[in-house]
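The structure under discussion appears below in the form of structure tokens.
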Amino acid sequence: MNQATEKASQKISASVTGRFFQWVKSPNFRRYLMSTHFWGPLSNFGIPIAALYDLKKDPHLISGRMTSALIVYSCVFMRYAWMVYPRNYLLLCCHAFNTAAQSAQGARFINFWYGPKSKEHLENESKLSPKHA
Numbered sequence: 025m026n027q028a029t030e031k032a033s034q035k036i037s038a039s040v041t042g043r044f045f046q047w048v049k050s051p052n053f054r055r056y057l058m059s060t061h062f063w064g065p066l067s068n069f070g071i072p073i074a075a076l077y078d079l080k081k082d083p084h085l086i087s088g089r090m091t092s093a094l095i096v097y098s099c100v101f102m103r104y105a106w107m108v109y110p111r112n113y114l115l116l117c118c119h120a121f122n123t124a125a126q127s128a129q130g131a132r133f134i135n136f137w138y139g140p141k142s143k144e145h146l147e148n149e150s151k152l153s154p155k156h157a
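Using this note's numbering, count along the sequence shown one by one with no gaps and you end on 157.
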């Protein structure tokens with residue numbers, strides 16, 4: 025990178041950082057912290073964090089129906105977060121993160137029950153519990 029590009033980059037970075045800290049000090053930021061636009065998405069982040077934690081667990085425990093429902097739920101609320109005024113970017117990020125985490129769980133579910141080794145899992149399941157036989 026040449027010196028002129030580097031100086032321009034530093035100037036833009038300082039400008040963005042300055043505006044951010046100016047917003048943090050403003051009454052609008054305090055109003056934002058006391059609104060549902062902040063606390064709702066913050067509390068919702070428990071869902072994708074739990075999904076990430078569950079990525080380490082046995083795929084036998086994954087509920088395909090619940091995973092599908094959470095993917096649809098998050099897609100609906102991503103749309104809502106984008107359409108509401110003012111736009112709720114924190115809610116949008118929360119549900120985008122949840123959609124990605126739940127999609128990973130869904131892929132694990134499909135690979136476990138319908139993948140190449142699924143016959144082994146189904147046979148073991150039928151031996152363990154007579155309700156699936």
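The beta carbon of each residue, even a glycine, is placed where N, CA and C say it ideally should be.
Pick from the options that is closest to residue i, judged by C-alpha positions
i           : options           : result
residue 62  : 122, 95, 129, 118 : 118
residue 90  : 32, 130, 140, 136 : 130
residue 7   : 138, 39, 83, 65   : The requested residue 7 is not part of the displayed model; the chain covers only 25 to 157.
residue 124 : 92, 143, 108      : 92
residue 84  : 29, 133, 27, 43   : 133
residue 68  : 58, 52, 116       : 116
residue 109 : 35, 82, 48, 60    : 60
For residue j and residue i, the rounded distance between their alpha carbons
i           : j           : result
residue 73  : residue 120 : 12 angstroms
residue 104 : residue 113 : 11 angstroms
residue 156 : residue 136 : With a pLDDT of 46 at residue 156, under the threshold of 50, the modelled position of that residue is not reliable, and the figure given next carries that caveat. So the two alpha carbons sit approximately 16 angstroms from each other.
residue 96  : residue 78  : 19 angstroms
residue 100 : residue 70  : 18 angstroms
residue 31  : residue 43  : 18 angstroms
Whole-number beta carbon distance between residue j and residue i, since they are thought to touch under 8 angstroms
i           : j           : result
residue 159 : residue 46  : With the chain covering only 25 through 157, there is no way to say anything about residue 159.
residue 75  : residue 122 : 7 angstroms
Residue i Cβ short of 7 angstroms to the ligand ZN heavy atom set
i          : result
residue 31 : The ligand ZN is absent from the structure shown, which contains no ligand whatsoever.
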